[in-house]
């Protein structure tokens, strides 16, 4: 259990302070992995964001067992 810094609303709509973060394995045990999952990632700057996108894409490809020649 952790505490995040207060962030307020996103685009004046979604209250980002009204959420929880749990390990995906715990979520899967409680709700199953067939229901909707939203993964949120935040990076400090654009160069880091681009690197993170490539890293996340690679992780998701491994999870889905995609070969290098297969499309995302």
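In the numbering used here, the protein residues as written are 4 to 75.
We put the beta carbon where it would ideally sit given N, CA and C, even for glycine.
- Within its own chain, the residues whose Cβ lies closer than 7 Å to the Cβ of residue 20, once the five positions on either side in sequence are excluded, are 9, 10 and 11, listed in chain order.
- When the beta-carbon positions are compared, residue 44 and residue 55 come within less than 8 Å of each other.
- A direct Cα-Cα distance of roughly 15 Å separates residue 7 from residue 47.
- Your pair residue 75 and residue 58 does not check out as a contact, with CB atoms roughly 14 Å apart and the cut at 8 Å.
- In the three-state reduction of the DSSP assignment, residue 17 falls in the strand class.
- In this structure, 42 is the residue among 42, 17, 16 and 73 with its C-alpha nearest to the C-alpha of residue 26.
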